[in-house]
Amino acid sequence: MAIITLTTDFGQKDYFAAAVKGAIYNELDDVRIVDISHCISPFHISEASYIIKNAYKSFPKGSIHIIGIDSELTPENKHLAVLLDDHYFLCANNGILSLLASEIKPEKIVEINIHDKIETNFPVLDVFVKVACHIARGGTLDVIGKNIQEIRYLKQIEPLINSDKNQIIGHVIYIDNYGNVITNISRKLFENIGKGRQFTISARMVTFNKVYETYSDCINFKIEKDKRGEEDGKKLAVFNSAGYIELAIYKSNPLTVGSAASLFGLQNRDTVTIKFEAYASKDRKAEL
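Rendered as structure tokens:
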């Protein structure tokens, strides 16, 4: 049974997501449709890439992923079908694939050319659904487009490391449903630069001196609950499931008490800095 996933900025109010699903079911009797998200911020390519990049790997090889973000066909925004990591991705050539393919080279890239069959100004419905169903039936990419070698490259903001190797300057790349703030500083980079040294994470007016493995690690369960003091609302930094440093509020609720994003005053692309203590000596540096 084919699996087709949907990631869009359609939201939940309008009919668009339902129309896409209905069109797929009209063409395929035996298919599973999975909503990754329809709540991407409008036209937010980097946000969509973060979600898709961390979701698609959990699906079986051969899954087909429709990405309906900034997908209107223009001379500068062609439609693509891409085979990457044994998964198929259908999207516009707007830079999102360069973020998905930053670590894995695509096996095949095709510029879709079936646009003579377009009936509306709804490309996800008219183009991506038809291509997804074609692939689900066992069709090849060569039938629906021409091979290309280059895709539009969207430069991702990478963390900066100073010359003394004691500071990382990163940025906020995503704010999740809980209002937690995800940075582009990976665990791997943090450990490679830090090498076990003490550190301070700074973001606007908040600081952190520890990164937890899980959210609940910030609670000392050895102390009786009524003697621990306030737990909910405690600020913390954590390595999230995607392997990035995340700034959070323990059991926060953005609709009531607030969230990390609102209480820390952080939003997309804001700066997050990690400063490590200097090496004590050349001998100490050699040991590390």
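Taking my numbering, the leading residue of the sequence shown gets 319, the next gets one more, and so forth.
All C-beta atoms in this analysis are idealised placements derived from N, C-alpha and C, irrespective of residue type, glycine included.
Output the residue ranges of the beta strand (DSSP E) runs that lie fully inside the stretch 513-557 and measure 3 residues or longer, sorted by chain position.
517-521, 524-526, 553-557
Nearest to H397 by CA position, among F446, K426, I342, is which residue?
Put simply, of F446, K426, I342 the residue whose alpha carbon is nearest the alpha carbon of H397 is F446.
May I have the straight-line CA-CA distance separating Q516 from N510, to the nearest angstrom?
Cα to Cα, the separation comes out at about 13 Å.
Measuring alpha carbon to alpha carbon, tell me which residue in K513, A320, K375, S577 is nearest A596.
K513
Is the beta carbon of Q467 closer than 9 Å to that of S364?
no
Nearest residue (CA-CA) to G488, options V428, S481, L507
L507
Is E476 helix, strand or coil by DSSP?
coil
Could you check whether the stretch 319-329 touches the stretch 419-428, counting it as contact only if at least three pairs of C-beta atoms, one from each stretch, sit closer than 8 Å?
no
Between I385 and L408, is the Cβ-Cβ spacing less than 9 Å?
Contact: yes.
Buried or exposed for G413, please, with buried defined as at least 16 other CB atoms from any protein chain shown within 10 angstroms of its CB.
buried
Best match in D434, M523, V400, N439 for proximity to L459 [C-alpha to C-alpha]
V400
If distances are taken between C-alpha atoms only, which option among D535, I486, I469 comes closest to N411?
Of D535, I486, I469, the residue nearest in Cα terms is I469.
For S559, which residues from the same chain have a beta carbon less than 7 Å from its beta carbon, with the 5 sequence-adjacent residues on both sides left out?
none
Cα separation between L472 and K423?
Straight-line Cα distance between these residues: approximately 15 Å.
Short of 8 Å in beta carbon distance, which residues of its chain neighbour V524, apart from the five on each side in sequence? Order them along the chain.
Excluding sequence neighbours, V524 sits near K553, L565, F582.
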